[in-house]
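Enquirer: Handing you this structure, nothing more for now.
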Amino acid sequence: MKRIIKFIPDFITSMNLVCGIVGVVFTFKGRFDIAFPLMLAAAVFDFCDGLAARALDAYSDLGRELDSLCDMVSFGVLPSVMLYQLMRICTYSESVLCYVPLFIAVFSGLRLAKFNVDERQHENFLGMATPIGAILCGSLAYFVAYEPDSFLSAWASGLVFIPLLSVILCALLVCEIPMFSMKFKRGQDKVLLRKRIYFAINVLLIVGIVVALGLNWSLVGLLTSVFYVFMNVVYALFKI
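Residue numbers (the numbering used here): -8 to 231.
Structure, rendered in structure tokens:
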């Protein structure tokens, strides 16, 4: 029984990979309505595998490496392909600029490799975590595809917005800006705890506003990820 239990976290992690692979397939079919929810499902599995490992005391080197490999697909390859496909659809072109978003996958790989060997990132992050960037990309692609008359759709129709966003995301993935995680534990620093609680409260406010105004639900992911990055950049600049 114990031998089976220790594989439960790895199974959950593998489901993350399944969601990422299927999401890529549907992205190439232009089905962002399926690809983005699959990305969110991958994020849920990514969160739950850590919970399962802690609850079952089933940590392993294999699990850590598997987690990074799965994240590479679900939060590296999938978002970069989504922006690539979105740009092709919006601009009706095969410009070389359409390939710029694919660099997100490259920098996600660098980010994940750095995370695995960086002893400073056990509790929090240096640089943007791949799931945050992925959700930003996925929610943007979903929103633009299903709200064609929005201002974001107008921006995405140009040859500058998506490549510029991609470059910014690549920089955030490998930068040294401290960014807090949402791992709540006993005995944590009170300042860090307040930051997490403040962020959680604002996420609830974003959800409430989106629901109250009847906006597209994908804006929750887009606004939340943008707000998270903005918060951490401000904290870093003012050394809060």
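All C-beta atoms in this analysis are idealised placements derived from N, C-alpha and C, irrespective of residue type, glycine included. Keep in mind that this is a model prediction, so the values were computed, not measured.
Helix, strand or coil, according to DSSP, for residue 222 in the structure here?
Expert: Residue mapping note: residue 222 aligns to position 231 of the sequence shown, counting from 1. Helix at residue 222.
Enquirer: If you follow the alpha helix (DSSP H) that residue 185 is in, where does it begin and where does it stop?
Expert: Here the question's residue 185 lines up with position 194 in the sequence shown. First-last of the alpha helix (DSSP H) with residue 185: 181 to 204.
Enquirer: Does DSSP put residue 117 in a helix, a strand or coil?
Expert: As a first step, residue 117 must be located in the sequence shown, where it is residue number 126. If DSSP states are grouped into helix, strand and coil, residue 117 belongs with the strands.
Enquirer: Hey, out of 146, 224, 182, whose CA is closest to residue 162's CA?
Expert: For the purposes of this step, residue 162 is identified with residue 171 of the sequence shown, where counting begins at 1. Residue 162 has its Cα closest to that of 224, out of 146, 224, 182.
Enquirer: Nearest-angstrom Cα distance between residue 106 and residue 32?
Expert: The residue you call residue 106 lines up with position 115 of the sequence shown. The residue you call residue 32 lines up with position 41 of the sequence shown. Going by the C-alpha atoms only, they are around 22 angstroms apart.
Enquirer: Rank 77, 55, 169 by C-alpha distance to the C-alpha of residue 227 and give the top, closest one.
Expert: For this step, residue 227 is matched to residue 236 along the sequence shown. Checking every option, the nearest Cα to that of residue 227 belongs to 169.
Enquirer: Whole angstroms is fine: what's the gap from residue 110's alpha carbon to residue 132's?
Expert: Start at 1 with the first residue of the sequence shown, and residue 110 comes out as number 119. Start at 1 with the first residue of the sequence shown, and residue 132 comes out as number 141. Going by the C-alpha atoms only, they are around 34 angstroms apart.
Enquirer: Near residue 4, what residues of its chain come up, given a Cβ to Cβ distance below 8 angstroms and the 5 sequence neighbours on each side ignored?
Expert: Mapped onto the sequence shown, residue 4 falls at position 13. So the qualifying residues of the chain are 36, 37, 40, 54, 57, 58, 61.
Enquirer: Alpha carbon to alpha carbon, what distance is there between residue 85 and residue 185?
Expert: What you label residue 185 is simply residue 194 of the sequence shown in a count that begins at 1. What you label residue 85 is simply residue 94 of the sequence shown in a count that begins at 1. Between residue 185 and residue 85, the C-alpha separation is close to 47 angstroms.
Enquirer: Determine the direct distance from the alpha carbon of residue 202 to that of residue 76, and round the result to whole angstroms.
Expert: Taking the first residue of the sequence shown as position 1, residue 76 is located at position 85. Taking the first residue of the sequence shown as position 1, residue 202 is located at position 211. About 28 angstroms.
Enquirer: Taking buried to mean at least 16 other C-beta atoms within 10 Å of its own C-beta, is residue 124 buried or exposed?
Expert: Locating residue 124 in the sequence shown gives position 133, counting from the first residue. Looking at its Cβ environment, which holds 16 or more other Cβ atoms inside 10 Å, residue 124 is buried.
Enquirer: Can you tell which of 143, 79, 51, 155 has the C-alpha that lies nearest to the C-alpha of residue 94?
Expert: Position 103 of the sequence shown holds residue 94. That would be 155, whose Cα lies nearest to the Cα of residue 94.
Enquirer: Could you have a look at residue 139 and say whether DSSP puts it in helix, strand or coil?
Expert: Along the sequence shown, read from residue 1 onward, the residue named residue 139 stands at position 148. Residue 139 falls in the coil class under three-state DSSP.
Enquirer: Given a cut-off of 8 angstroms, decide if residue 7 and residue 65 are closer than it, judged by their beta-carbon atoms.
Expert: Start at 1 with the first residue of the sequence shown, and residue 65 comes out as number 74. Start at 1 with the first residue of the sequence shown, and residue 7 comes out as number 16. A contact, by the Cβ cut-off of 8 angstroms.
Enquirer: If you draw a straight line from the alpha carbon of residue 67 to that of residue 159, how long is it in whole angstroms?
Expert: Counted from its first residue, the sequence shown places residue 67 at position 76. Counted from its first residue, the sequence shown places residue 159 at position 168. Computed Cα separation, rounded: 15 angstroms.
Enquirer: Could you tell me the distance, in whole angstroms, from the CA atom of residue 14 to the CA atom of residue 209?
Expert: Within the sequence shown, numbered from 1, the residue matching residue 14 stands at position 23. Within the sequence shown, numbered from 1, the residue matching residue 209 stands at position 218. Roughly 16 angstroms separates the two Cα atoms.
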